[in-house]
Structure formats: C-alpha cells, structure tokens
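Presented below is the structure to which this report refers.
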C-alpha cells in the first residue's frame, strides 16, 4: 500500500482476534472497510500517486480469528460477507488472544501485520497513517527494525465512538501493545510470536515486546493512526468481573517475570514494595474495597460520571492486582 521505492509496495494484514463481541465488531469491521488512502510521494524527481477506497483497495486484508464465540459472530459474518470483501475468517476453539493472534499471523498474506482488538473503531485514514509512518521510519532508520504504534482513545459511546476527545487517561507508556500497532511480519516470526501460556488476562503483548526490544526494534509513535477503544459505561455489576481480571493479570504478570526476571518487569507488573505500599495506603489496607465504596461509586454513576467512578474504583482494583501478583509469586516459590 503506497510506494516504499519504485515497484515496492506494502501489503497490510490487519489481524483481529475476537470473542463474543459481535455488536462492536460490526463497527470495527465497517470502519476498516471504509478506509481511504491518497498517497503522493516524490522520489527521484517522479511522483507516485495511489488512490484507494474501501471497495476497491487490494493493499490490505482483514484476518479475523474467532476464538470460539458463542454469540452468533460467525453466523452474522456469513450472512453479511458481501459487505466485507477484505475479511478472511478463521476459527479456533477458545484458547485466548495469544493463540488467536498467532493463528492470524500464520494465515496472514501481508508482509506487514497490524494488530488491533475487535472493540476498536478506527478512522478512515487509519491505514494511510500507519503506512506514512512506516515509510518515514524506514527512510530515517535505513531499515525496517521498528514498528509503528498508533493512538488509542477509550470511549463508552457506542453510537458514535469516534467522537470521543483524547483524555490524559488515554496515555500509554507501553513499548508494544496490540491495541494499535503495525510491524513487519518477519520480526514477529523471528521473535517467536506470542507465548500461548498467557491464557488468562494480560501481558502477552508486552512480553513479546520485551523480546522485540531485545532484537533491537525501535518504537515509532504514529498519533495520526487513531483507534477508539469502546467499552460499556462502568456499572457496579461489572465489579466482580473487573476484580477477577485484576487477579488474572497478577498471575500472568508472574509468568511474565519468570520469563524476564528484571527490575523493569517487576515495575510493570507492580511486584515491588513501592506498589504494595502505594495501593495498601490508598485502599487503607483493603478497607476501601468494592463493598465499602459501592455507595460513593453509585452516586458518581447516577451523576453521569461513570468514567470517574471507574478511575476511583482502580484504587481497590490495583490492590487486588498487587495481592494477586504476590500470591502467585509465593505459589511459584513453593517446591513442586
């Protein structure tokens, strides 16, 4: 998609794992089919222009991997396949996003992989923005030992997700995260793809990022490639599931540390005395929890501030995460 040099093109494979997310997946796929690209480059005194629209563009494919959905996702795709000419569908028994992304990479025809999640809705210049950043990065670094990392804006606006403004809480310091990233396929293969032992929630993409960094890959920010990450407005009914996710993330964090026993990883997974002290103090050693804070959180929700309520709930959610990390680490230390 676009000229990297005379006669050289990039073909994107957009790899998307999905599991029981049919309503937002519909918006995700329609946004990808609506991509528009006008790319004018000047090389050696000559201009090369390519203009594509979602109906005729042959410069990308969408590799959708269904991870055992039970919500009618596959049936809906089959019934509406004429609407999605770029989509190729693969399916597997429920095995988690790491295995699903690996299958997507294996089946991908493109030389460049773009990872997004199935609850991400992109703007119409999304692919063009990644392409431009890839071309500029290649010229700057003299090779392809890098990946581009787009912006992710969180929203709970289902009807019009792309209307959400950027917020300070949308900032991410992650090196490699699969919410919105483009990377040459051969580097993924050289790094060994995702570790499928990460079957619970969290860390499989950041762990791969450590291996990519060890291969010398650089991160190039691509703020023009914007994806809007939808999630339903926060309610108290979600709290048990969110707590369970934090405990899972703690367990997977310890697996991450087993593979890469460094201080940097300890900081990432919150397995330090500093995190234990911080969230212990903020939660008053667990006294501020899902039960004691429920009336205040519900009050904020009733005021129409569910996002603020969620940010405050992170006080006890992070406490559960830190406890999960140390419980898993203690279990790991016990003799078999």
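Residue numbers (this note's numbering): 2 to 337.
Just so you know, even glycine gets a beta-carbon here, dropped at the ideal spot from N, CA and C.
With a threshold of 6 angstroms on Cβ separation, who are the neighbours of residue i within its own chain once the five nearest residues in sequence on each side are excluded?
i	result
residue 46	Reliability fails at residue 46, whose pLDDT of 36 lies under 50, so the model's placement of it is uncertain and the value that follows must be treated cautiously. None.
residue 70	20, 21
residue 324	none
residue 212	192
residue 244	321
residue 99	195, 197, 199, 205
residue 152	224, 227
residue 90	65, 78
Considering Cα atoms alone, identify which of the options is closest to residue i.
i	options	result
residue 11	131, 120, 126, 33	131
residue 97	226, 206, 220, 325	206
residue 128	150, 119, 120, 108	150
residue 209	178, 67, 275	178
residue 148	175, 261, 291	175
residue 258	278, 106, 203	203
residue 265	219, 214, 296	214
residue 141	117, 161, 219, 68	219
residue 296	287, 286, 314	314
residue 146	112, 133, 184, 172	184
Would you decide whether residue i is buried or exposed? Buried here means 16 or more other CB atoms lie within 10 Å of its CB.
i	result
residue 83	exposed
residue 167	exposed
residue 103	buried
residue 121	buried
residue 56	Bear in mind that the predicted position of residue 56 carries a pLDDT of just 31, short of 50, making it unreliable; the figure below should be weighed with that in mind. When all chains shown are included, residue 56 counts as exposed.
residue 169	exposed
residue 188	buried
residue 28	buried
residue 231	buried
residue 80	exposed
residue 62	buried
residue 13	buried
residue 110	exposed
So, for residue i: in the same chain, excluding its five sequence neighbours on each side, which residues have a beta-carbon less than 8 angstroms away from its beta-carbon?
i	result
residue 316	280, 283, 284, 289, 294
residue 247	318, 319, 321, 322, 325
I want to check one thing, is the minimum distance from the CB of residue i to the heavy atoms of the ligand MN below 8 angstroms?
i	result
residue 303	By its list of ligands, the structure shown contains no ligand whatsoever, and the ligand MN lies outside what it can speak to.
Leaving aside the five residues before and after residue i along the sequence, list all residues of the same chain whose C-beta is less than 7 angstroms from its C-beta, in chain order.
i	result
residue 59	Its pLDDT being 45, under 50, residue 59 is placed unreliably in this model, and the coordinates cannot settle the point.
residue 291	240, 244, 317
residue 125	35, 36, 37
residue 260	208
residue 93	66, 68, 69, 100, 101, 104
residue 273	267
Could you check whether the Cβ of residue i sits closer than 9 angstroms to any Cβ belonging to chain B?
i	result
residue 24	Any reference to chain B falls outside this structure, which holds one protein chain only.
Just checking, does the segment 133-140 make contact with the segment 28-37 on the three C-beta pairs under 8 angstroms criterion? no
The segment 211-231 contacting the segment 295-303, beta-carbon criterion three pairs below 8 angstroms: no
I'd like the ranges of any beta strand (DSSP E) spanning at least 3 consecutive residues and lying wholly in the segment 94-144. 113-117, 121-123
State whether the segment 318-333 contacts the segment 249-261, with contact taken as three or more CB pairs (one from each stretch) at a distance under 8 angstroms. yes
Scan the segment 199-261 and note each continuous beta strand (DSSP E) run of 3 residues or more that stays entirely inside, going in chain order. 219-231
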